[in-house]
Amino acid sequence: MEIIENNIPVEIYRELRTKSGLSSKDIEAATIGLQNSVYSVMVKKGEMIVGMGRIIGDGGCFCQVVDICVLPENQGQGIGKIIMQQISNFIQTQLPKSCYVSLLADGDANHLYEKFGFKDTLPHSRGMALKVV
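Numbering-wise (my numbering), the sequence shown opens with residue 14 and increments by one.
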């Protein structure tokens, strides 16, 4: 497996999201969003990109871990852990110590994120979202 940092191509980003069960993003949204990544990583297996993850935010005060996904046929092989290890390394070495890093855990993904120090924020704070329609 090969780890590729930064510059996730729009086509690969959109394909990985949908094939991994995440919501689709149109080309305009993906193009804008990817340009504003603080950090991104892909995992390549053979000739195919099989997983990715990103950090978004202002790079100083607040960041969010997003787009953690692995193609279904490659899940259970430790690829999600590789992605999170790369992201964790970036957080620990490149972000200011006071940066608040958050994420939203879908399904049972919280078990993976807990291995990297992420904790549930309840009851002190509750995550909320607004979807633009």
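Using N, Cα and C, we set each Cβ at its ideal position, and we do this for glycine too. If you're wondering where the values come from, they're calculated on a predicted model, not measured in any experiment.
{"Check": "Beta-carbon proximity of C76 to L108, cut-off 8 Å", "Outcome": "yes"}
{"Check": "DSSP-derived helix/strand/coil call for V23", "Outcome": "helix"}
{"Check": "Stretch-stretch touch, CB-based, cutoff 8 Å, three pairs: the stretch 49 to 61 with the stretch 125 to 143", "Outcome": "no"}
{"Check": "Inside the stretch 75 to 131 only - beta strand (DSSP E) runs reaching at least 3 residues", "Outcome": "75 to 83, 113 to 116"}
{"Check": "Cβ-Cβ distance between I81 and G70 below 8 Å", "Outcome": "no"}
{"Check": "A43 classed as buried or exposed, judged by whether at least 16 other C-beta atoms fall within 10 angstroms", "Outcome": "buried"}
{"Check": "Assumed close pair Y112, G73 - CB separation to whole angstroms, cut-off 8 Å", "Outcome": "Here residue 112 is Cys; the residue named in the question, Tyr, does not match the sequence. Contact flag correct, Cβ pair sits at about 6 Å."}
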